[in-house]
Every structure is written in C-alpha cells, then in structure tokens.
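Report on the structure given below.
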Amino acid sequence: MSDVRPQITELHLSADPGAWAAAGFELDASGERLRLGSTVLGFDYGTPGKGGLAAWTLGGVSATDFDGLPTAAASGAAGAPAGHPNTAFQIDHLVVFTPDLERTIAAFEAAGVRCRRIREVGPPEQQLRQAFFRFGEVIAEVVQVPADQVGPDGAARFWGSYRDCHRSRFRRRRTR
1 MSDVRPQITE
11 LHLSADPGAW
21 AAAGFELDAS
31 GERLRLGSTV
41 LGFDYGTPGK
51 GGLAAWTLGG
61 VSATDFDGLP
71 TAAASGAAGA
81 PAGHPNTAFQ
91 IDHLVVFTPD
101 LERTIAAFEA
111 AGVRCRRIRE
121 VGPPEQQLRQ
131 AFFRFGEVIA
141 EVVQVPADQV
151 GPDGAARFWG
161 SYRDCHRSRF
171 RRRRTR
C-alpha cells in the first residue's frame, strides 16, 4: 500500500489577486499566487472579476476524473506554509455542488480518495446530503443540490472555500 495521500496542491481562482492582498493575504513575488498551508492559490484561470474557484491540482490521486471538476495532476511536493497579516493559516474546507451524490462519490473513490462520511440533515422533503473527503489538511465537502444549481451539463462544480484564521472575522470567505 502506498504512503502517498491525496492532497490539494493548488486551487486556481478566477479572481483579482489585488483584492486578496487588500484582505490581508501575502502574495508571492509574482503577485499572482499565495500559499495557505500546503495549498497554493493561483490567480491564473479565467477572467478576473468573474470570480470563483475554477480548478484544482491534486497530488496522490490515481486519476483526474472527479465528476467534471477541472482537475490536473500535481508534479511536485507542497512548499512551506506562509504567514498572512490577516492570520489565515490554511484552507479548512472547500465545497462542491453535485446533482448526483452517489455518482460524485464513485468518481472520487475511483481516483483513490475515500469517502470519510455521509451526512443527511433536515426533514425528508428538504433533506441535505453531504459527503466528506480528506485531501491532506483540507476537507472537500460535496453537497447534493437540485440539478438546476449546477448547470446544464449536470457535472459537479466548485462552490467555494473556507480559511482557518486565528481571528474569526476572516473565518468565512466564499470564493464564488
């Protein structure tokens, strides 16, 4: 059995890096990337201003088919964490929407990422179903939503992410 564990090495954002710097994140010398824990955030996909988590790069996985989520395989190891003036130190979790939870779970598991928990909450007519996967220090929360919330192709899509900070005022930040 391999000691390699699934890990999110980079999140690709369609966002203005200047807005992140203004929110207290320390950008690298290029002004287009920053590191939160073991994950790099790259501001290099799509058109700034459109907003959102556009793609991810993963290490320690056996495939890159994650039910339609734009995915690339990592080519190197994670670097050292960076400090930020706003005290953010890592990504806590990211959220994925899917119209078919079982299909998305099967895709993640086929790529070597085990479902750690399925949670069902709410009354039967409005029940929310979630599945949780660990990618190193980051949890991927996959939420089943009505098909009209994911787009015409019915594929899973990224919704956003949450950062861990020493002060709660920066705790929640939706990236979409």
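For the record, in the sequence shown the residue sitting at position 44 is 44 according to this note's numbering, with numbers rising by one throughout.
Glycine is no exception: its CB is placed at the ideal position from the N, C-alpha and C atoms.
Inset, instruction - Would you be able to state if there are at least three C-beta pairs under 8 Å between the stretch 147-162 and the stretch 64-73? - result: Touching, yes, given that three or more Cβ pairs across the two stretches are closer than 8 Å.
Inset, instruction - Would you check if the distance between the CB atom of Val-40 and the CB atom of Thr-71 is smaller than 8 Å? - result: In the sequence shown, the residue the question calls residue 40 occupies position 40. In the sequence shown, the residue the question calls residue 71 occupies position 71. The beta carbons of Val-40 and Thr-71 sit no closer together than 8 Å.
Inset, instruction - Take Ala-111 as the anchor and find which of Phe-25, Asp-44, Val-95, Ala-73 has the nearest alpha-carbon. - result: Position 111 of the sequence shown, counted from the start, is the residue given in the question as residue 111. The candidate whose alpha carbon is nearest that of Ala-111 is Ala-73.
Legend entry - Reference Phe-25; option with closest CA among Gly-37, Leu-13, Ile-105, Asn-86: Within the sequence shown, the letter at position 25 stands for residue 25. Distance from the Cα of Phe-25 is smallest, within the candidate group Gly-37, Leu-13, Ile-105, Asn-86, for Asn-86.
Inset, instruction - Alpha carbon to alpha carbon, how far is Thr-104 from Pro-124? Give it in angstroms, no decimals. - result: Counted from its first residue, the sequence shown places residue 124 at position 124. Counted from its first residue, the sequence shown places residue 104 at position 104. Pro-124 and Thr-104 have their C-alpha atoms spaced approximately 21 Å apart.
Inset, instruction - State yes or no: is the C-beta of Val-142 within less than 8 Å of the C-beta of Gln-130? - result: Counted from its first residue, the sequence shown places residue 142 at position 142. Counted from its first residue, the sequence shown places residue 130 at position 130. Yes, they are a contact pair.
Inset, instruction - Specify, as a first and last residue, the run of the alpha helix (DSSP H) that Thr-87 falls within. - result: For the purposes of this step, residue 87 is taken as the residue at position 87 of the sequence shown. Unbroken run through Thr-87: none, as it is neither H nor E.
Inset, instruction - Look at the alpha carbon of Pro-99 and the alpha carbon of Gly-151, and state the distance between them as a whole number of angstroms. - result: Taking the first residue of the sequence shown as 1, we reach residue 99 at position 99. Taking the first residue of the sequence shown as 1, we reach residue 151 at position 151. Each residue's Cα considered, the two are about 9 Å apart.
Inset, instruction - Would you give the residue range spanned by the beta strand (DSSP E) that Phe-135 belongs to? - result: Residue mapping note: residue 135 aligns to position 135 of the sequence shown, counting from 1. Per DSSP, the continuous beta strand (DSSP E) segment holding Phe-135 begins and ends at 128-135.
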